[in-house]
Amino acid sequence: MQSGRILKQRYEIIKKIGSGNFGDTYLAQDLHLPGNPKCVVKHLKPKVPDPGVLPVAQKLFEREAET
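As structure tokens, this is what we get:
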């Protein structure tokens, strides 16, 4: 994902800050909140093409995102 990209008309990507087994992590700013505070956006991108793996990957990704 490129810097400057706006997701859901709300989050503007600033830069990529990490990558893990299930996706990438980006520093972004929230365009809907006063002062446009910085936040983290995680992009689910499982490396295994098997669709049966997706539900497990999504659950693990959500668990990782909570921490």
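The sequence shown maps to residues 71 to 137 in my numbering.
For every residue, glycine included, the Cβ atom is placed at its ideal position computed from N, Cα and C.
Identity of the residues DSSP links to residue i by a beta bridge
i: G88; result: T95
Distance CB(residue i)-CB(residue j) smaller than 8 angstroms
i: F35; j: L124; result: Residue 35 lies beyond the range of the chain shown here (71 to 137); nothing can be said about it.
i: I87; j: Y96; result: yes
Residue-level contact to chain B via CB, residue i, 8 angstroms cutoff
i: G74; result: Within the model displayed, chain B is absent; a lone protein chain is all it includes.
Residue i burial status per 10 Å Cβ neighbour count (16 or more: buried)
i: V126; result: exposed
i: V110; result: exposed
Element boundaries [beta strand (DSSP E), containing residue i]
i: V126; result: It is not in any beta strand (DSSP E) - V126 instead sits in the alpha helix (DSSP H) that spans L124 to E136.
i: L101; result: Here L101 belongs to no beta strand (DSSP E), and DSSP marks it neither H nor E.
i: K78; result: Segment: none, K78 is in no beta strand (DSSP E) and carries neither H nor E.
i: K115; result: Premise fails: K115 is in no beta strand (DSSP E) and is neither H nor E.
Any non-hydrogen atom of the ligand PLP closer than 7 angstroms to residue i Cβ
i: N106; result: What this structure holds is no ligand at all, so the ligand PLP is not there to describe.
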